[in-house]
Every structure is written in C-alpha cells, then in structure tokens.
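Counting in my numbering, the sequence shown runs from 766 upward without gaps.
Here a beta-carbon is modelled for each residue, glycine too, at the ideal position from N, C-alpha and C.
Computed from a prediction, not measured in an experiment: that's the story for all the values here.
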Amino acid sequence: MSDPDATIECTVTIAGTGSYVPEKVLSNADLEGMVDTSDEWITSRTGIRERRIAADGQSTSDLATEAGKRAMADAGIEPGEIDLIIVATISPDAFFPATACYVQKNLGATNAMCFDVSAACSGFLYAMQISRHFINTGNRKTALVIGAEKLSSMVDWEDRNTCVLFGDGAGAAVLRRDDNGGAGRKILSSSLGSDGRQTDILHVPGGGSACPITPDNADQKLNTIRMQGREVYKYAVNAMRRAVEDALQQAGLGASDVDMLIPHQANKRIIEAITERMGIPPEKTFINLDRYGNTSAAAVAIALDEANKTGSIKAGDHVVLVAFGAGLTWASTLVQW
Ligand code: ACO
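This is the structure we're talking about:
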C-alpha cells in the first residue's frame, strides 16, 4: 500500500496523554434486563463485560474537555500554549459549531485553531496525522488531539444487535514538535485509508441532510446506529492488518518488532484474528474493551492513555495504534515510545 504521508519528517512527539470515562457503569447483567440478550452471548461474541454511560447533562465536549485537561497535565503545558485542537467524533455536541470549539472555550485555550474530524473509530488516528502535518509544516507547534464520544445518545436501546456494543468516553494526546531530535515518543509512520463503497454497512441513516428526521419518520429511529456486524467484521480484520503492516514497512520494521499493539476496542475476536495472523502474542496486545465497550473515536485514545499510565509501554518500545470504523475508514500509527 503506498502512502503519500510516508515522506513526513519524524519530528512530532506525543508529549502527554489523558482520558476520561463517565462514572455510570452499564453491565451486561443490566442489559439482560433491557433487551433479549445474555452476559454469556455478549462476553463470548465480543469480550465486553461493561461500558460507561454519560450523565444526561454531560455532552461529548464535557468528556473531551476532561480528557484534554488530563493530557495537558501529563504534558506539563498550559492552555495558552495550544495552537490547534482537533476533536475526532461521530457524536458531536451539535452539527455546528465544532465540538472542538466548545472544548476550546472550556479550556480557555484562546490561541488555538479548532475543528472536528469525522472518521468514526479511525477518527483519533486521522486527527493525529492531520496534526502531524500542521506541526511538520511549521504552521502549528502544539496540538491537543482528542477522540470523544457520547454514543449512548445515538444507540437504539431496544436493538440488541447494537446496544450491547457501544459506550461513552474520551481520550486525548498532546502532540508537539521536537526541535532537539532527542526526545522519545516519536511518531515514525502512519497509514490511512477509506472505502466509500461500504457506507451502508455501518451508519446512522437519518438526522442529516439526506434524510432529516420528520414527524412522519420519527418512529423509525433513523437517527440511531445501524450495522451489518458480519460484513464489518470481515473488513475490519483485513483492513487493520494491512494498515499495521504498511506502517511497519514504512519504518523498515516487521511484526516481530512490535512491542505493543493498541488496537481499536470493538471486539476481542477481531483483535485476536489480527494478532494471530500477524504472530503478535497476547501479552503484546493492549485490551480494555471488557470495561468500556466500543467508544469509537475515543477507544484507541483511552487505550493509549491507559497503556502509558500503567507502564504497559516503556521508553524505546515500538507501539502500533490501529483502528477501523464506519466510512469505511482505517488508520494506523507507529510510535517509538
Ligand atoms: N444477544 C443475543 N443474541 C444476539 C445479540 C445479543 N446482543 N445480538 C445479535 N444476536 C443474535 C442475532 O440475532 C443472530 O441470531 P439468529 O442467528 O437467530 O439470526 C445471532 O445472534 C448471530 O448474530 P450475528 O450478527 O451473526 O453475530 P456475530 O457472531 O457476527 O457477532 C457482532 C455480532 C459482535 C456485532 C460481530 O459481528 C462484530 O463484532 N462485528 C464488528 C463490529 C465492529 O467492529 N464495529 C466497529 C466499528 S463501530 C463504528 O465505527 C461506530
């Protein structure tokens, strides 16, 4: 796979990470009381045991702001130093303005330029790569990149095919230019792709300009997530494996050089299918979907922060982040920690 981003210089570092999940826990046992499902079905098909649900008054920007604050504290930076905020989300506070602008207001990051990225579960890695371009061109120095979702607001809580899968949360990273060349946590390579022919296998059909919600169609819940799970599963395994291989190849590395794989947290079986085919052992794969479910754009960001804070990744490690989502979209990022 050729990647036009491969020529980027390696001068961007991850200066800090942060994450936030809402307090309310929704367990598989709780779901048994809501739809015709079982803890056994959910656990064996997905690996998910519980997920977090935002409070009624909590919006995506609230989750994003908290994750952003924690990433800034980890990086040791003040709001005024941030000159770019990108929020990756498919559950924005509103169609406009951008959720990133609400985050800017909450943080008091008055020097930042702000916008959102819509690439579903791949959004955080898309936003990292966009930030990398801004920083490498000298256009911006310090970016706050956030993946944040309140998917509970767009799930049909009567549809057992989807409602057991998703959760709410946010993760963030501060990206900075390294002018000295000596710092760790460098982004080495990235691989991004999309296949717009598959828009219909994972989507929210209504609520946008193509199909506004009207009094006549409101009862069809068109503004909730629809997914052909089997189809998504097949594409996810192949696309994520190719994306990991491409990012490694760009850096002259192979699967045996991976110290930690941090994959999108949609389904444990998808992750196992990828790692088994690539020969990456379970102890080199970071999984937290049992506690949070699929939080779309937030998933890789939350997992990265947890891997960082728990010491699961160490200085010098080759860390590969990889995601796959609606669009279809996929993305990988290789970091030397
Ligand atoms: N509880 C009990 N039974 C269920 C449930 C449930 N929660 N959900 C579905 N079933 C039933 C189905 O009705 C079906 O029954 P039937 O055989 O009588 O018709 C049976 O279980 C099998 O359903 P499948 O959909 O074939 O189950 P599968 O093994 O494929 O697992 C799953 C479904 C977990 C969704 C899987 O396909 C998957 O993980 N797909 C990928 C999802 C993904 O990666 N999404 C990422 C992107 S998300 C984003 O971008 C926002």
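query = Quick one: Cα of VAL1009 to Cα of SER792, how far?
reply = Cα-Cα distance, rounded: 32 Å.
ask   = For LEU1146, which option in ILE842, GLY888 and ALA1062 has the closest C-alpha, if you only look at C-alpha atoms?
value = Beyond the ends of the chain as shown, which are 766 and 1102, falls residue 1146; an answer cannot be given.
task = Within its chain, find whatever has a CB closer than 7 Å to the CB of ARG925; leave out the 5 residues flanking it on each side and keep chain order.
result = Its chain contains VAL800, ASP801 and THR802 as the residues whose beta carbon lies nearer than 7 Å to that of ARG925, once the 5 sequence neighbours on both sides are disregarded; these appear in chain order.
ask   = Out of curiosity, what's the CA-to-CA distance linking GLY833 and ALA1091?
value = One C-alpha to the other measures close to 24 Å.
task = Figure out for me which residue from VAL777, VAL1100 and ILE1036 has the closest Cα to the Cα of ILE1171.
result = The question about residue 1171 has no answer here: the residues shown for the chain are numbered 766 through 1102.
key: Own chain partners of LEU796 with C-beta closer than 6 Å, once the 5 adjacent residues on each side are dropped   = Excluding sequence neighbours, LEU796 sits near THR802 and VAL929.
ask   = With burial defined as no fewer than 16 other Cβ atoms inside 10 Å of the residue's Cβ, what is the status of GLN985: buried or exposed?
value = Exposed, by the Cβ-count rule.
message = Can you tell me whether MET992 sits near the ligand ACO, meaning its C-beta is under 7 Å from at least one heavy atom of the ligand?
response = It does: the Cβ of MET992 is within 7 Å (strictly closer) of some heavy atom of the ligand ACO.
request  = Would you mind stating whether ILE847 and VAL910 have Cβ atoms separated by less than 8 Å?
outcome  = Against a cut-off of 8 Å, the Cβ pair of VAL910 and ILE847 comes out as no contact.
key: Residues near SER826 by beta carbon distance below 6 Å, same chain, minus five either side   = Result list for SER826: ASP858, THR864, TYR867 and VAL868, in chain order.
query = When every heavy atom of the ligand ACO is checked, does at least one fall within less than 7 Å of the C-beta of GLY1090?
reply = Distances from the CB of GLY1090 to the heavy atoms of the ligand ACO include at least one below 7 Å.
query = Exposed or buried, which one is TRP922 when buried takes at least 16 other CB atoms within 10 Å?
reply = Exposed, since its Cβ has fewer than 16 Cβ neighbours within 10 Å.
ask   = Across which residues does DSSP place HIS756 in a beta bridge pair?
value = Residue coverage of the chain in this structure runs from 766 to 1102, which leaves residue 756 outside it and unanswerable.
inquiry  = Whole angstroms are fine: how far does the CA of ILE1039 sit from the CA of ASN1003?
reply    = Taking C-alpha positions only, ASN1003 is separated from ILE1039 by approximately 8 Å.
ask   = Do you know whose CA, among GLU805, THR902 and THR907, lies nearest GLY781's CA?
value = For GLY781, the closest alpha carbon among the candidates GLU805, THR902 and THR907 is that of THR907.
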